[in-house]
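S.K.: Dropping a structure here in C-alpha cells format, bear with me for questions.
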Amino acid sequence: MPRYTIASLPGDMLAAFSVVSISIPQSISYATFLSGLSPLAGLFATILPATVYAFLGTSRHLNVAPEASLCLLIGQTISSILNSEGNMSETDRNATAIAITTIITFQVGILTLILGILRLGFVDVILSRALLRAFINAIVIVILIEQAVPMLGLGAIIDVQKPKNSLDKLIRIVQNLDSSHAPTTRISLATLVAIILLQLVKKYGGKHPLIKRMPDIVLVVVGFTALSSIYRWTEQGVAVFGSVPITLGKSFFSIPIRESTMRYFEQTTPIAIMISIIGYFDSIIAGKQNATRFNYLISPNRELVALGAGNLAVSFIPGTLPAYGSLIRSRICADSGGTSQMTSLVCSLIVAFVTFSLLPLLYHLPRCVLAAVICVVVFHLLQEAPHSIMHYWRMRAWRELALMGVTLVCTMLWSVEMGVAMSVGFSLLLLVQNSSRARLVVLGRVPGTEHWEPETDGFMSLEHEPGTLVVQLKDNLDFANTSQLKERLRRLEMYGQHSVHPSEPQSREEDSVLILHLGDVDDCDADAVLVLHELFASFKSRGADVYLTNVSANLRDRLERGGIINLIGAHAIFPSVSSAVSSLPSRMHVRVRS
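Position 489 of the sequence shown, counting from 1, maps to 488 under numbering that gives the first Met the number 0, and the rest follow consecutively.
Here it is in C-alpha cells:
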C-alpha cells in the first residue's frame, strides 16, 4: 500500500470489473447447484476472503473465491450426512447444511493457517502433475453430469431415483431424456449457444478493448433474466432464482465453534483436509503461473497464511463456503490489466454492493442458466487434458497414464472424496518409493590414472580391484532411504548392478572389501546410523573389511556417536578412494570389467 500509485488504479479497477463479471455468476451457481446452499453462501465467500488475502497474500493477480471442485465436495458431504440423518423437515435440513458448511470452512481456515505458520508451503509437491490433472478432469466430468440435471429439468425425477454415483446418475439422465422439461432444455441450449457466440466474438472480433473485455457471462445472465421476466417463464414451469432475504440481525456474525457445528466436527475433518490440500494446490499453481509471467516472486508460506486467515474470517458468517484461488479468474485478472492486490479489494467492494443492493433484480433468473454457466466455465479446464495425455503418451509414462485412469474411475464409480484420497495416496506412495532409494553408483578407476569415475555407459572399460566393491553414495542418509541399502549392496556384490532380479543366478563372487565413497553425504540421521552399523557388522562377521572415504566432519561425528568408527576402526577412514585402495593389504592384478 505505501508504494501504490494512482496510475495503477484504472488498470486494477478494470480488472476488478472483468473478474466480478464472472465471479458473481460463478459464486451463485456453485453455492446453489454444487453445494445446495443459499446464493449468499457463495457471495459472502467472494467478499471477505478476498479482502483478507489482499492485505496478506503475495500474488498480485490471484482471485480468491469459491471453487467448483471444492463446492462439489461440500455438496456431496452435506447430502451424505443429511441422508444418514433420516427424515427431517426442510427447516432442519437447511440448518444442518449451514452447520456442516460452517464447521468445514472453520476447519479449512485453521488447517491452512497452521500449515503456513509451520512453514509447510512445500506440501504442493504431494500431488504430481499427472494426478492433479486426472483429478481436475474427473471433477469436471462429475460437475458436467451434475449440471445436466437442472439444465434438462430432471431434478424431481433424479431425486426420487437417488443414483448411487456419477456414472449411475449419467445412466439415469440418459434413460429419462424423454421426460426432460422442454422449455428448460431450450433455455439451457440457448444459454450455451449465446455464451459460445459471445466468446467467439471476443476471440475473433478484433483488437478493440471493449470487445476483448466484454463481460460475456454477465450479458447472458442479464439478458436471460430480462427475457424470463418479460415472457413469464415461471408460468411455463421454469425454475427461477427467486428471492434471497438478507438478515442483518444479531445472527449475521456468529462464532463457528458451537454445539450445532461441533456435532459434525469428526465427520467433516477428512473432507476439510482434502479441501485444504486441493484448494492450496489450485491457488499456488495459479499464483506461480502469473508470478512467472510478470517476473515477481510469491511466498508459498505467506500464501497459506493469507488463504487460511481469509477462510477463518469468513467462517464467522454461518453457512459460508471456503474460498481459494482460481486459475481462470486469476488469468482474467492478469489479462485485464490488474497490477496489484488492489484488484481483490475492488472486487470485494463490487460484490458487496451487488449482494446488498442488486440481488433482488435476479429474481427471474432461470436456474438452468446458472447451470449452463457452470458447464461453460468448467469445460475450459478440460482443454489441457488432450495435451497432457499426449505428453505422457509420447514420454511412454505408462505409470502416470495408469494412475490418471485409476483416479478418474474411482471418482466416477465411488465419489469425489475417493478420487481425492486415491490421488493423494498414490502421490504419497510415489514419494515414499522415490525417497526410499538412496542413489548408489559403482566406481571404477580410469586406466593409467588414480582417478575414479562412476561406471556408466561412457566408462565401460574402467578398472576394478579384484574382490573389492567401490560404491559412491550420492544422498544424505535417513530412515527412509537406508531401509533397502543392505539388499541393494548385496545385489551389487552378486550381479554388479542392483536392477537384476534376485532369482537370477549369481554372476560375481563375494567381495572381501567394501569401500564407500561418502563425499556427497553430509548428514545421517539416528535410524540411518543404526542401519549402517548393522550393515557393516554383517560385512565384518564374514571377514570382509569396510573402508569409508571423503567423510565430512559432521558425518564423522555422527558415525562416532553411533559406534561405527569403533566398529570398523579409525584406520578405515581415508581422504579418497585411491588412498583407500592403495592401503589394501595385498594388491592383486587389476582386472577390467567388460
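Glycine residues also receive a C-beta, built at the ideal position from the N, C-alpha and C atoms.
Please classify Asp522: does DSSP put it in a helix, a strand, or coil?
M.R.: Counting from one through the sequence shown, the residue named residue 522 turns up at place 523. Coil.
S.K.: Would you decide whether Ala15 is buried or exposed? Buried here means 16 or more other CB atoms lie within 10 Å of its CB.
M.R.: Mapped onto the sequence shown, residue 15 falls at position 16. Ala15 should be labelled buried.
S.K.: Would a C-beta distance cut-off of 8 Å place Ala133 and Ser422 closer than the cut-off?
M.R.: Locating residue 133 in the sequence shown gives position 134, counting from the first residue. Locating residue 422 in the sequence shown gives position 423, counting from the first residue. Yes, they are a contact pair.
S.K.: Going by DSSP, what residue range makes up the beta strand (DSSP E) through Gly443?
M.R.: As a first step, residue 443 is located in the sequence shown; it is residue number 444 there, counting from the start. Counting along the chain, the beta strand (DSSP E) containing Gly443 begins and ends at Leu439 to Arg444.
S.K.: Closest to Phe615 by C-alpha separation, out of Thr224, Asp215, Phe355 and Ile135, would be which residue?
M.R.: Lying outside 0 to 593, the shown extent of the chain, residue 615 is not represented and no answer is given.
S.K.: Determine the closest residue to Pro317 out of Leu364, Ile245, Glu383 and Val377, with distance taken between C-alpha atoms.
M.R.: Within the sequence shown, numbered from 1, the residue matching residue 317 stands at position 318. Among Leu364, Ile245, Glu383 and Val377, the Cα nearest to that of Pro317 belongs to Ile245.
S.K.: Go ahead and label Val350 buried or exposed: buried means 16 or more other beta carbons lie within 10 angstroms of its beta carbon, across all protein chains shown.
M.R.: Stepping through the sequence shown from its first residue, residue 350 is reached at position 351. Under this definition Val350 is a buried residue.
S.K.: I need the boundaries of the beta strand (DSSP E) containing Ile514, first residue and last residue.
M.R.: Here residue 514 corresponds to residue number 515 of the sequence shown, with the count starting at 1. Start and end: Val512 to His516.
S.K.: Label Ala155 either buried or exposed according to how many other C-beta atoms from any shown protein chain fall within 10 Å of its C-beta, with 16 as the threshold for buried.
M.R.: For this step, residue 155 is matched to residue 156 along the sequence shown. Exposed, because fewer than 16 other Cβ atoms sit within 10 Å of the Cβ of Ala155.
S.K.: How is Gly324 classed by DSSP in three states: helix, strand or coil?
M.R.: To locate residue 324, count along the sequence shown from 1; it is residue 325. Strand.
S.K.: Could you tell me the boundaries of the beta strand (DSSP E) in which Val545 lies?
M.R.: For this step, residue 545 is matched to residue 546 along the sequence shown. Note, Val545: beta strand (DSSP E), Asp544 to Thr548.
S.K.: Is there contact between the stretch 49-68 and the stretch 281-297, where contact requires at least three CB pairs shorter than 8 Å?
M.R.: yes
S.K.: Can you give, in chain order, each stretch of the beta strand (DSSP E) that sits fully within the stretch 180-222 and has at least 3 residues?
M.R.: none
S.K.: Only counting the same chain, and skipping five residues up and downstream in sequence, which positions put a Cβ closer than 7 Å to that of Val576?
M.R.: Counting from 1 along the sequence shown, the entry for residue 576 is found at position 577. Correct list, in chain order: Leu442, Trp451, Val469, Ile514, His516 and Thr548.
S.K.: Taking 8 Å as the cut-off, does the stretch 305-312 touch the stretch 9-26 (at least 3 CB pairs, one atom from each stretch)?
M.R.: Verdict: no, contact absent.
S.K.: Suppose the cutoff is 6 Å on Cβ atoms and the five residues either side in sequence are ignored; what does the same chain contact list for Gly74 look like?
M.R.: Within the sequence shown, the letter at position 75 stands for residue 74. Leu33, Ser34 and Gly35, listed in sequence order.
S.K.: Mind listing, in chain order, the continuous alpha helix (DSSP H) runs of no fewer than 4 residues lying wholly within the stretch 220-308?
M.R.: For the stretch 220-308, the full-length alpha helix (DSSP H) segments reaching 4 residues or more read 258-261 and 264-292 along the chain.
S.K.: Under a Cβ-count criterion, where at least 16 other Cβ atoms within 10 Å of its own Cβ denotes burial, should Tyr203 be classed as buried or exposed?
M.R.: Here residue 203 refers to the residue found at position 204 when the sequence shown is read from its first residue. Exposed, since its Cβ has fewer than 16 Cβ neighbours within 10 Å.
S.K.: Report the residue from Gln288, Pro38, Arg438 and Pro465 whose alpha carbon sits nearest the alpha carbon of Leu650.
M.R.: Missing from the structure shown is residue 650; the chain here goes from 0 to 593 and no further.
S.K.: Rounded to whole angstroms, what is the Cα-Cα separation between Asp11 and Cys346?
M.R.: Position 12 of the sequence shown, counted from the first residue, corresponds to residue 11. Position 347 of the sequence shown, counted from the first residue, corresponds to residue 346. Rounded to whole angstroms, Asp11 to Cys346 spans 9 Å at the Cα level.
S.K.: Does the distance from the CB of Pro219 to the CB of Ala193 come in under 8 Å?
M.R.: As a first step, residue 219 must be located in the sequence shown, where it is residue number 220. As a first step, residue 193 must be located in the sequence shown, where it is residue number 194. One detail in the question is off: residue 219 reads as Val in this sequence, not Pro. Yes. Within cutoff.
S.K.: Less than 8 Å between the CB atoms is what I'm expecting for Gln146 and Ile373, so what's the real figure, rounded?
M.R.: Counted from its first residue, the sequence shown places residue 146 at position 147. Counted from its first residue, the sequence shown places residue 373 at position 374. The Cβ separation is near 5 Å, so the contact holds.
S.K.: Just tell me which of Asp519, Glu533, Leu61 and Thr406 has its CA closest to the CA of Ala552.
M.R.: As a working note, residue 552 is residue 553 in the sequence shown. That would be Asp519, whose Cα lies nearest to the Cα of Ala552.
S.K.: From the DSSP output, which residues share a beta bridge with Leu476?
M.R.: Counting from one through the sequence shown, the residue named residue 476 turns up at place 477. In the DSSP output, where bridge partners are listed per residue, Leu476 has Cys523.
S.K.: Would you kindly work out how many angstroms separate the C-alpha atoms of Gly562 and Leu71, rounded to a whole number?
M.R.: The residue given as residue 562 occupies position 563 in the sequence shown. The residue given as residue 71 occupies position 72 in the sequence shown. Approximately 56 Å, taken between the alpha carbons.
S.K.: Please check the pair Thr190 and Val368, which I expect to be a contact at CB under 8 Å, by giving their CB distance rounded to whole angstroms.
M.R.: Looking up residue 190 in the sequence shown gives position 191. Looking up residue 368 in the sequence shown gives position 369. That belief holds up - the Cβ atoms of Thr190 and Val368 are roughly 5 Å apart, short of 8 Å.
S.K.: Does the stretch 263-282 come close enough to the stretch 93-109 that 3 or more CB-CB pairs lie under 8 Å?
M.R.: yes
S.K.: Please return the same chain residues whose Cβ sits closer than 7 Å to the Cβ of His379, not counting the five positions on each side in sequence.
M.R.: On the sequence shown, residue 379 is found 380 positions in, with the first residue counted as 1. Same-chain partners within the cutoff: Ile327.
S.K.: DSSP on Gln471, reduced to helix/strand/coil?
M.R.: Reading the sequence shown from its first residue, position 472 is the one you call residue 471. Gln471 falls in the strand class under three-state DSSP.
S.K.: CA-CA distance, Ala569 and Gly286?
M.R.: For this step, residue 569 is matched to residue 570 along the sequence shown. For this step, residue 286 is matched to residue 287 along the sequence shown. So the two alpha carbons sit approximately 53 Å from each other.
S.K.: Which residue's Cα is closest to the Cα of Tyr29: Pro1, Pro9 and Ala64?
M.R.: Position 30 of the sequence shown holds residue 29. Here the closest residue by C-alpha is Ala64.
S.K.: Apart from the five residues just before and just after Ser242, which ones in its own chain have a Cβ nearer than 8 Å to its Cβ?
M.R.: Stepping through the sequence shown from its first residue, residue 242 is reached at position 243. Excluding residues within five positions, the ones whose Cβ falls inside 8 Å are Pro359 and Tyr362.
S.K.: Could you tell me if Phe121 is buried or exposed, where buried requires 16 or more neighbouring beta carbons within 10 angstroms of its beta carbon?
M.R.: Here residue 121 refers to the residue found at position 122 of the sequence shown. The residue in question, Phe121, is exposed, as its Cβ has fewer than 16 Cβ neighbours within 10 Å.
S.K.: Within this structure, are the beta carbons of Pro321 and Ser20 separated by less than 8 Å?
M.R.: As a working mapping, residue 321 is identified with position 322 in the sequence shown. As a working mapping, residue 20 is identified with position 21 in the sequence shown. No, Cβ-Cβ distance for Pro321 and Ser20 is not below 8 Å.
S.K.: Who are Ala420's beta bridge partners in DSSP?
M.R.: Numbered from its first residue, the sequence shown carries residue 420 at position 421. BP columns for Ala420 are empty, so no partner.
S.K.: Check Ile572 in the structure and name its three-state DSSP category.
M.R.: Taking the sequence shown and counting its residues from 1, the one referred to as residue 572 is at position 573. Ile572 falls in the strand class under three-state DSSP.
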